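Which chain is which? The protein sequence lines are A and B, in order. If you're matching positions, the first sequence starts at 0 in numbering that gives the first Met the number 0 and goes up one per residue. If you're matching positions, the second sequence starts at 0 in numbering that gives the first Met the number 0 and goes up one per residue. Beta carbons: idealized from backbone N, C-alpha and C, even for Gly. It should be emphasised that the depicted structure is a prediction, and the values quoted were computed from it without experimental measurement.
There are 2 protein chains.
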Amino acid sequence: MKKITLKKIAQVFNVSVSTVSKAINDSHEISDDLKGKIQQYAKENKYRPNKLALNLRQKKTKTIGVVVPNILNYFFTQVFSGIEKVANEKGYNLLSCISDESYDKEVKTLEFLGGNTVDGIIISMAEETQFKNKMDHFQNLVDERIPLVMFDRVSNEVACDKVVVDDYEAGYKTTNYFLSTGCSTVAVVTAIDHSSVGRLRVEGYKKALDEANIPYDDKLVVRLDKKDDLELRISFLLNYKKVDAIMALDEMTAVEVLRIVKNKGYKVPEDISIIGFTNGKLSRYVTPALTSVSQHGTYIGEAAANILIERMEDNSNRDFSTLTIKTSLVMRDSTKKRLDQ
Amino acid sequence: MKKITLKKIAQVFNVSVSTVSKAINDSHEISDDLKGKIQQYAKENKYRPNKLALNLRQKKTKTIGVVVPNILNYFFTQVFSGIEKVANEKGYNLLSCISDESYDKEVKTLEFLGGNTVDGIIISMAEETQFKNKMDHFQNLVDERIPLVMFDRVSNEVACDKVVVDDYEAGYKTTNYFLSTGCSTVAVVTAIDHSSVGRLRVEGYKKALDEANIPYDDKLVVRLDKKDDLELRISFLLNYKKVDAIMALDEMTAVEVLRIVKNKGYKVPEDISIIGFTNGKLSRYVTPALTSVSQHGTYIGEAAANILIERMEDNSNRDFSTLTIKTSLVMRDSTKKRLDQ
DNA sequence: AAAATTTTCGAAAACGGTTTCGTAAAATAT
DNA sequence: ATATTTTACGAAACCGTTTTCGAAAATTTT
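Printed below as a string of C-alpha cells:
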C-alpha cells in the first residue's frame, strides 16, 4: 500500500508512462476506454503525483518561506496569520522558520530557503541582525532574484519590497495624546533600542516634545538590556522625576510596567498613564486595560503576502515599493480623557 | 547572476556534469588540480545544490509538516515553538499549516502534505474534525506509511504515535483543589465540549465530585456555542445556584469569566474562585492572576518532534505509543489557600 | 618491457513527473 | 481505391542532482 507512481500504473496496464500521465490528466490524446480504466485504477489506489517531481520540472514550489524572529510574540503571530490567510487563498503554502532573534540562525535559514525550497520569502529581521547590521545574506537572495518582502524590521540597504509600520508617527501620536490629556512628563521604556522600529518611535516622541516646547531629557528614556532588572530601572526612573506618563515600546514591557507601577502604589491612569505598543490580548485583559498602539499585524501580513505573490507571478521588473501602515491608538483605561473634550 | 547549476559549471570547464558533482563533493575520484578550480568557481558563484533535485533523488525532504488548528492560541504556539526547537536541532525544517478548526481545510492540507512534501507530520485535529468524527484523511496517511504524530486532540481510530495531556486527571485535580480550599459548588465553563480534551476534563471533574459525595448537576456545566453570549450564560449560572468556584476549560474563557464575574461585583477568590486551563501570559497578568492548569505546551511539542523523528529515521516497525503528559496546577491569586495548610 | 594497478574522468541510470514530437493504425474524404 | 486526416499511443527529452560502472591514461609492480 505504499506510494504509487506512474511507472507502476504503466506496468499494470502494460502501457507507457507518458500514456498514464496523459490519461490521468484527462488528455484527449488517450482513448476514452483506456482513460477510464486508468483513472479508476488511479483513484482506487489513491494516486497522487509526487510534488517534488512536479516542482523540479516546473521550477516552482508554490510555497512561501516566512521567517519571524519569535513566534511567541503576538504581533508576529498576527502577521503570520495574515500571511497564511492570503497565501491559502491564492494557493500557496507556507514554510515557516523562526530565527529566534539570532543572526546565525537567520543566515542558515535563508541559505536553506534559497536552495529552491520556496518561490519567495517574507521576513522580519532578527534583533541581532539589526544590531550587527550585516545584510549580506539578504543581498544573496536579491542577487539570485528570489522575490523578497521585508516587514516591520527592515533595512534600507536591501533592495526589495517592504511593509513597515509608521513608527515615527506612532511615537509622535501617542506622545501627543499623553500631552493632550494633561500629562507633562512623558517617559519611554524600550527593550528594542537596537531596532529601527524602536528608534523611530523615540524620534517621533522627541518631535512631539519639541513641538510642545518640552525639552528632551535622555534620562526619561529607559533603554532595557536583556539582563536588566525592569523593576529596578522603573524605581530609578520614578525617583528621578515625577513621571506622569509612560510609553512602553512592546506589549510585554507595557504589561510589566503596569504591574510594577501598580505595585508601587501609583494609580493608573490618575497618577501615571501608560500606553503600550502592540494591541494584543494581554493589553485588553490586564487591569486597567491598556490603551495601546495597534500595528494592524494581520493587515501587515496580508499586505506582505499580496505584494510577494504579485512579485512572484508578475515578471515585469517594476520598482520596489515600501508600504507604510499607519498605526491607530486603541483607547482603554490606562490613559485619561483629553482635556478638550 | 541567476541560479547556477552543475550543468553550467560543466560547460565552463568543458567537463561532464558528474565530474563537477564529484569535484564539489570533494570526491577522491577527481584530481586535486581540477577539484581546486571547480570548487573555487563554485564558491565564487555561490553554487548551492537545488534542494528539489536532491529531495527527489534521496526521496526525503528533511522537513516536517505541522498542522495546528489555530496559531493565535497560546497553547498551540507553545507546542509549535517546542517542535521547532528540536526539529532545528536535528536538522529538520518545518512546513506549517493552519487548519482554522475546519475539517475541509484539514483534509486539503493533509493531501498536500501527503504528496511527498514532507517526511512526517505532527498534527492536532481541527474542532470540526472531532465533531464530525471523520478520520479517513488520517487513515490515508497511515496507509501510505507516512509517519504521523497526533498531539492533544487525538483519535483512537487512528493508528499512530500520540502525545496527549492527562486531561482526565487535570479535571480531577483542579476540582479537588477547589474542594480542598473550602469551595462546595464547583461549576465548569467549556467552549470545547466537542473535543475529547474537553470531555475528559469534565469526566475528571465528575470523578472528584463523586469521591466527595457531591451529586453531579449538569446545570453546573455551561457548554458554550460559538454564538453564545458568555455574559448571559454566566448570569443564568450564578442565578441558578450560589456557585463558589469555576473551572474554565480554556484560557480565553477563563479570562472572560474572570472579567464578567468581577463586573458583577463578586470578589475573586473570596466569593468565587477561578481556575483556567492553559497557562499563558494572559493568566499571569490578569488581575487577580489566574491559578492555571499548565499543559506544558513546549514540552509536548518537543516530545512530539522527538517521537516523530525517531519514527522517521528508525525503520524498525515498533508499536505505536501514546505519551501522556501530566498537567500541573500553577497557583496564583484567583483561588484560596487550602484549608489544611 | 609487459602486466597489474591506480588515477581520473565520462556515460548513463535513477528519482517521478510533463511535454513535444513521431508514427502506425484507423477513420474520413476524395 | 487512394489520399488525407484523425486518433491513440510510445519514445525521448527535460528538470538538477547523485551514483554506479566502464574505460582510457597514467602509474606502479614484476
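Beta-carbon neighbours of residue i, restricted to chain A and to distances below 8 Å
i: Thr286 (chain B); result: Val285 and Thr286
i: Pro48 (chain B); result: Gly114
i: Ser95 (chain B); result: Leu93, Leu94 and Ser95
Host beta strand (DSSP E) of residue i (start-end)
i: Thr290 (chain B); result: Thr290 to Ser293
i: Gly35 (chain A); result: From DSSP, Gly35 (chain A) is part of no beta strand (DSSP E) but of the alpha helix (DSSP H) over Asp31 to Glu43.
i: Gly119 (chain A); result: Gly119 to Ile122
i: Ile63 (chain B); result: Thr62 to Val67
i: Ile97 (chain B); result: Asn92 to Ile97
Whole-number beta carbon distance between residue j and residue i, since they are thought to touch under 8 Å
i: Tyr204 (chain A); j: Val187 (chain A); result: 6 Å
i: Glu105 (chain A); j: Thr128 (chain A); result: 6 Å
i: Thr116 (chain A); j: Lys50 (chain B); result: 5 Å
i: Glu28 (chain A); j: Lys36 (chain A); result: The pair is not a contact, with the Cβ atoms about 16 Å apart (cut-off 8 Å).
i: Val329 (chain B); j: Ser272 (chain B); result: Not confirmed; about 14 Å, so no contact.
i: Asp151 (chain B); j: Leu199 (chain B); result: Contact flag wrong, Cβ pair sits at about 11 Å.
i: Ile259 (chain A); j: Leu229 (chain A); result: 7 Å
i: Leu140 (chain B); j: Gly114 (chain B); result: Not quite, the Cβ-Cβ distance comes to about 11 Å (not below 8 Å), so this is no contact.
i: Gly119 (chain B); j: Arg317 (chain B); result: Not a contact, Cβ separation roughly 15 Å.
i: Leu248 (chain B); j: Val148 (chain B); result: About 24 Å; that fails the 8 Å criterion.
i: Phe74 (chain A); j: Gly296 (chain A); result: 5 Å
i: Ser98 (chain A); j: Pro68 (chain A); result: 5 Å
i: Leu322 (chain B); j: Leu55 (chain A); result: Actually they do not touch by this definition, with Cβ atoms about 37 Å apart.
i: Ala169 (chain A); j: Thr326 (chain A); result: 4 Å
i: Ile70 (chain A); j: Thr76 (chain B); result: 6 Å
i: Val153 (chain B); j: Ala302 (chain B); result: Their Cβ separation, rounded to whole angstroms, is 13 Å, which puts Val153 (chain B) and Ala302 (chain B) out of contact at 8 Å.
Residue span of the alpha helix (DSSP H) that contains residue i, given as start and end
i: Leu208 (chain B); result: Ser195 to Glu210
i: Ala247 (chain B); result: It is not in any alpha helix (DSSP H) - Ala247 (chain B) instead sits in the beta strand (DSSP E) that spans Ala244 to Ala247.
i: Val78 (chain B); result: Tyr73 to Glu88
i: Ser234 (chain B); result: Leu229 to Tyr239
i: Ser20 (chain A); result: Val16 to Ile23
i: Glu255 (chain B); result: Glu250 to Asn262
i: Arg56 (chain B); result: Lys50 to Gln57
i: Asn139 (chain B); result: Asp135 to Asp142
Counterpart residues of residue i in DSSP-defined beta bridges
i: Asp160 (chain A); result: A:Val148
i: Thr321 (chain B); result: B:Lys161
i: Arg222 (chain B); result: B:Thr189
i: Phe276 (chain A); result: A:Val292
i: Val329 (chain A); result: A:Ser291
Cβ-based neighbour list, residue i, same chain, cut-off 6 Å, excluding 5 preceding and 5 following
i: Tyr215 (chain B); result: Lys205 and Leu208
i: Val185 (chain A); result: Thr174, Phe177 and Ala244
i: Ser179 (chain B); result: Arg337
i: Asp251 (chain A); result: It is worth fixing the name first, because residue 251 (chain A) is Met in this sequence and not Asp. Around Met251 (chain A): no qualifying Cβ.
i: Phe130 (chain A); result: His193
i: Ser30 (chain B); result: none
i: Leu109 (chain A); result: His136
i: Ile233 (chain B); result: Ile259
Residues of its chain near residue i, where Cβ-Cβ distance is below 8 Å and the 5 sequence neighbours each way are ignored
i: Ala288 (chain A); result: Ser282, Arg331, Asp332 and Ser333
i: Lys133 (chain B); result: Tyr102
i: Gln346 (chain B); result: Nothing about residue 346 (chain B) can be reported from this structure: the residues present for chain B run from 0 to 340 only.
Under 7 Å by beta carbon: chain B residues contacting residue i
i: Ile70 (chain A); result: Thr76, Phe79 and Ser80
i: Ala354 (chain A); result: Because residue 354 (chain A) is not part of the residues shown, which for chain A are 0 to 340, the question remains open.
i: Lys2 (chain A); result: Glu143
i: Lys280 (chain A); result: Leu281
i: Val254 (chain A); result: Tyr284
Interface residues of chain B facing residue i [CB-CB closer than 8 Å]
i: Arg258 (chain A); result: Tyr284
i: Glu168 (chain A); result: Neighbours of Glu168 (chain A) on chain B: none; closest Cβ ~27 Å, over 8 Å.
Neighbourhood of residue i by C-beta, 7 Å cutoff - its chain only, sequence neighbours within 5 removed
i: Arg222 (chain B); result: Thr189 and Asp192
i: Val285 (chain B); result: Val254 and Leu257
i: Ser183 (chain A); result: Asp243
i: Lys59 (chain A); result: Asp118
i: Lys42 (chain A); result: none
i: Leu33 (chain B); result: Ala22
Proximal chain A residues relative to residue i, where beta-carbon distance stays under 7 Å
i: Asn139 (chain B); result: Lys45
i: Phe111 (chain B); result: Asn92
i: Glu126 (chain B); result: Chain A residues near Glu126 (chain B): none, gap ~17 Å exceeds 7 Å.
i: Glu83 (chain B); result: Ile97
Amino acids of chain B, ordered along the chain, whose beta-carbon sits closer than 9 Å to that of residue i
i: Leu289 (chain A); result: Chain B residues near Leu289 (chain A): none, gap ~10 Å exceeds 9 Å.
Neighbour list for residue i in chain A, Cβ cutoff strictly below 9 Å
i: Ala52 (chain B); result: Leu51, Leu55 and Asn115
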